[in-house]
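See structure below.
Number of protein chains: 2
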Amino acid sequence: MGGDHGPRVTLAACRQFLDRHPEARLLLVGQPDGLSGFVHERAVVVPASEVVSMDDPVEVALRRKKDSSMRVAIQQVKEGAAQVAVSAGNTGALMAIARYLLKTLDGIDRPAIATQMPNAQGGATTVLDLGANVDCSAEHLVQFAVMGAALVSALQEERPEPTVGLLNIGEEVIKGNEIIKKTGELLRSAAKSGDINFYGNVEGNDIFKGTVDIVVCDGFVGNVALKASEGVASMIVGALKQEFKRSIFTKVAAVVAYPVLSALMQRMDHRRYNGAALLGLRGLVFKSHGSADTMAFEQALNRAYDAARNNLLDRVRTRVAHAAPLLAPADVQPVA
Amino acid sequence: MGGDHGPRVTLAACRQFLDRHPEARLLLVGQPDGLSGFVHERAVVVPASEVVSMDDPVEVALRRKKDSSMRVAIQQVKEGAAQVAVSAGNTGALMAIARYLLKTLDGIDRPAIATQMPNAQGGATTVLDLGANVDCSAEHLVQFAVMGAALVSALQEERPEPTVGLLNIGEEVIKGNEIIKKTGELLRSAAKSGDINFYGNVEGNDIFKGTVDIVVCDGFVGNVALKASEGVASMIVGALKQEFKRSIFTKVAAVVAYPVLSALMQRMDHRRYNGAALLGLRGLVFKSHGSADTMAFEQALNRAYDAARNNLLDRVRTRVAHAAPLLAPADVQPVA
Chain A
1 MGGDHGPRVT
11 LAACRQFLDR
21 HPEARLLLVG
31 QPDGLSGFVH
41 ERAVVVPASE
51 VVSMDDPVEV
61 ALRRKKDSSM
71 RVAIQQVKEG
81 AAQVAVSAGN
91 TGALMAIARY
101 LLKTLDGIDR
111 PAIATQMPNA
121 QGGATTVLDL
131 GANVDCSAEH
141 LVQFAVMGAA
151 LVSALQEERP
161 EPTVGLLNIG
171 EEVIKGNEII
181 KKTGELLRSA
191 AKSGDINFYG
201 NVEGNDIFKG
211 TVDIVVCDGF
221 VGNVALKASE
231 GVASMIVGAL
241 KQEFKRSIFT
251 KVAAVVAYPV
261 LSALMQRMDH
271 RRYNGAALLG
281 LRGLVFKSHG
291 SADTMAFEQA
301 LNRAYDAARN
311 NLLDRVRTRV
321 AHAAPLLAPA
331 DVQPVA
Chain B
337 MGGDHGPRVT
347 LAACRQFLDR
357 HPEARLLLVG
367 QPDGLSGFVH
377 ERAVVVPASE
387 VVSMDDPVEV
397 ALRRKKDSSM
407 RVAIQQVKEG
417 AAQVAVSAGN
427 TGALMAIARY
437 LLKTLDGIDR
447 PAIATQMPNA
457 QGGATTVLDL
467 GANVDCSAEH
477 LVQFAVMGAA
487 LVSALQEERP
497 EPTVGLLNIG
507 EEVIKGNEII
517 KKTGELLRSA
527 AKSGDINFYG
537 NVEGNDIFKG
547 TVDIVVCDGF
557 VGNVALKASE
567 GVASMIVGAL
577 KQEFKRSIFT
587 KVAAVVAYPV
597 LSALMQRMDH
607 RRYNGAALLG
617 LRGLVFKSHG
627 SADTMAFEQA
637 LNRAYDAARN
647 NLLDRVRTRV
657 AHAAPLLAPA
667 DVQPVA
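This is the structure we're talking about:
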């Protein structure tokens, strides 16, 4: 039901997704009226009478709308009827409901949101956290690193031991605030014990250079970096359009340059990277951008499908268990 | 002496600057051998035997190189021989020496670095802090807001009461970590007492939309946002070049589109915004990017000149004094 466009987009994406993956099966969760037009032998409608709107406060989504499509979808994951849930709805509500119904994994205090951003290597950099957590401790950031490594190893088979960078304001170990310095120490320990392939500190531009596979930061910093980056990209695209519209000569130039600009846009197309993972829960949940079109929503379905197929949940659980001694806050360590 | 190119660039910029400003006078501080070629009736060489290098640790710059060009230049400001110092050298060393020699203003705990970033309005957004301060308190962030307002009012005459936005992960007042929420409260008080034209929370993309004149954040977040933005811009420009080089057809398209692309590059040219202000000191210091070319270094000189001419120091002092009750940390407020 979710996202800016609702079933018109999500159902079209579902059809393409089913065509592409002959072994996939879908549970379409939502108001039956909106979904009944979709007939496919590998799709079943699971009714849910309510819809969480994009501006519903978390409390409303969690306490009042107990038969929302979002909640019923996550309930399917909890009960084992589904291996993964995908939603294009309200992020805060999705995280709150997922956390309430599924609970966090042992060793994880806070779930995180991980997304991919395109990089200059032609690949993508996975960044977490992106807004679910502010005021993170060093242990939380190490938890994010471990979960991010599980995610990348599940989705990118050529990266069994992905490199992790700690987002900082300089490469040297003495840089950063107290939490970041402590996180660096813990990540170096995690590298020694084989839990993480730790590269070291990285800076904001390294996200787009593709210096490492995974960039770890707290949700406040990650959110600002993501939105600032979107802002720059929009400004450049907007300026490019303005410059090409300036006169009859530039309009002709635009026609000539069109194939090149179109190739550029395709390369930078953020829709290709749609589908953020909610990590650290006892079940898999993916979040599509609310504004996703059919192509973008299908990407989110593809990512969720790959994550389920490649046992992301087990990978996270195994890695978290192995790294357990490093993930616990110092003040709750067991008495010797 | 500073920057990646040394006197070759800085002296060429000085000559252009003197040509453009018939009332300006320059003290050229550095090793006389490197500067003696520069003869101008409004320029004097002030000798300094040492040079702080780009990778000198702060301690070396501060304690060992006591006759560095950087230190002697700031000493000129302290003694009143100069109204403002400009350097393209090591940022950490410049801030440390400036703070040591000049001291902070009453009411200011920590100096900040403020720079401009181009925005989609065709203007520039002033952002501070950019790396001088990590782990800021709410009071520090309010100090930055007040100093930023003084800077913009001095450099942009059409903005006597510039708007201030607080960088956050959402527009609503309940968003953000504890320090940001408290900063929001203080800034709303500051707006009521007429100290600040506070717009409210802004997000990363607002820097480039040009939603407000000034964006306030701690140095860690500001540094990440700045570098992430530079990273995206480089990636887009790099991809554009690659796409235009792909074949003989795209190379022809590049020739046709050249005037448009060149207009775009000029519009986005970060050199136009060169010259960051070190704010909160008892004297004016500006920092040019180390990689500045002649045009860029001249911009830094122009900005420093405008700041001195428009009494930036007095403006900061007056605004800080007026806002004094809001700037003091709660735990050191006078006993009633």
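Residue numbers (the numbering used here), protein chains in the order written: chain A, 1 to 336; chain B, 337 to 672.
Cβ atoms here follow ideal geometry from the backbone N, Cα and C, with glycine treated the same way.
Computed from a predicted model, the values in this text were never measured in an experiment.
Contacting residues, own chain, Cβ-Cβ under 7 Å from residue i (five flanking each side not counted)
| i | result |
| --- | --- |
| B/Arg608 | Gln635 |
| A/Gln75 | Leu101 |
| B/Ala498 | According to the sequence provided, residue 498 of chain B is Pro. The question's Ala does not apply to it. Once the five neighbours on either side are set aside, the close Cβ partners of B/Pro498 are Ala485, Val488, Ser489, Asn533, Asp549, Ile550. |
| B/Ala644 | Gln419, Val420, Leu620 |
| B/Leu648 | Ala486, Leu487, Ala490, Leu620 |
| B/Gly416 | none |
| A/Val332 | Its pLDDT being 46, under 50, A/Val332 is placed unreliably by the model, and the measurement read from it follows with that caveat. So no residue of the chain qualifies. |
| B/Thr346 | Gly339, Ala424, Phe633 |
Reduced DSSP secondary structure (H/G/I, E/B, other) of residue i
| i | result |
| --- | --- |
| A/Ala88 | coil |
| B/Met390 | coil |
| B/Asn504 | coil |
| A/Ser291 | coil |
| A/Met117 | strand |
| A/Asn223 | helix |
| A/Ser193 | coil |
| A/Asn352 | Here chain A comprises residues numbered 1 to 336, so residue 352 of chain A is not present and cannot be evaluated. |
| A/Gly2 | coil |
| B/Leu441 | coil |
| B/Thr547 | coil |
| B/Gly370 | helix |
| B/Val509 | coil |
| A/Ser153 | helix |
| B/Ser404 | strand |
| B/Val375 | coil |
| B/Val596 | helix |
| B/Val478 | helix |
Cβ neighbour criterion (16 or more within 10 Å) applied to residue i
| i | result |
| --- | --- |
| B/Pro368 | exposed |
| B/Gln457 | exposed |
| B/Val478 | buried |
| B/Arg399 | exposed |
| B/Gln452 | buried |
| B/Lys577 | exposed |
| A/Glu243 | buried |
| A/Val255 | exposed |
| A/Arg42 | exposed |
| B/Tyr641 | buried |
| A/Phe297 | buried |
| A/Ile248 | exposed |
| A/Ala336 | Because A/Ala336 carries a pLDDT of 40, less than 50, the predicted location of this residue cannot be relied on, and no value is offered for it. |
| B/Val408 | buried |
| A/Arg99 | buried |
| B/Val375 | exposed |
| A/Gly123 | exposed |
| B/Lys581 | exposed |
| B/Gly373 | exposed |
| A/Arg25 | exposed |
Proximal residues to residue i (C-beta, below 8 Å), its chain only, five neighbours per side dropped
| i | result |
| --- | --- |
| A/Met295 | Ala13, Arg271 |
| A/Ala225 | Val127, Leu167, Gly204, Ile207, Cys217 |
| B/Val509 | Lys517, Gly520, Gly536, Asn537 |
| A/Arg319 | Val146, Met147, Ala149, Ala150, Asp195 |
| A/Ala263 | none |
Identified DSSP bridge partners for residue i
| i | result |
| --- | --- |
| A/Val46 | A/Val29 |
| B/Leu615 | B/Ala448 |
| B/Thr461 | B/Met453 |
| A/Thr163 | A/Asn197 |
| A/Leu284 | A/Val84 |
Nonlocal neighbours in the same chain, by C-beta distance under 6 Å from residue i, ignoring five residues either side
| i | result |
| --- | --- |
| A/Asp135 | none |
| A/Gly89 | Gly2, Val52, Met70 |
| A/Gln16 | Glu298 |
Closer than 8 Å: residue i CB and nearest the ligand HEM heavy atom
| i | result |
| --- | --- |
| B/Asp391 | Judged by which ligands are present, the structure shown has none, so any question about the ligand HEM falls away. |
- Task: Could you list the residues in the region 500-527 of chain B with a C-beta less than 7 Å from some C-beta on chain A, going in chain order?
- Result: Along the region 500-527 of chain B, going in chain order, the ones with a CB nearer than 7 Å to a CB of chain A are Leu503, Ile505, Gly512, Asn513, Glu514.
- Query: What are the residues of the region 606-638 of chain B that lie near chain A, defined by any Cβ-Cβ distance shorter than 9 Å?
  - Reply: none
- Task: Could you name the residues of the region 410-430 of chain B whose beta carbon sits closer than 9 Å to any beta carbon of chain A, in the order they occur along the chain?
- Result: none
- Query: For the region 197-209 of chain A, which residues have a beta carbon sitting closer than 9 Å to at least one beta carbon of chain B?
  - Reply: Glu203, Gly204, Asn205, Asp206, Ile207, Phe208, Lys209
- Report the residues of the region 545-576 of chain B with a CB closer than 8 Å to any CB of chain A, ordered along the chain. Correct list: Lys545, Cys553, Gly555, Phe556, Val557, Asn559, Val560, Ala561, Leu562, Lys563, Ala564, Ser565, Glu566, Gly567, Val568, Ala569, Ser570, Met571, Ile572, Gly574, Ala575, Leu576.
- Positions along the region 471-489 of chain B whose CB lies within less than 7 Å of some CB in chain A: Asp471
- Task: Mind checking the region 111-134 of chain A against chain B and listing, in chain order, the residues whose C-beta falls within less than 8 Å of any C-beta there?
- Result: Pro118, Asn119, Ala120, Gly131, Val134
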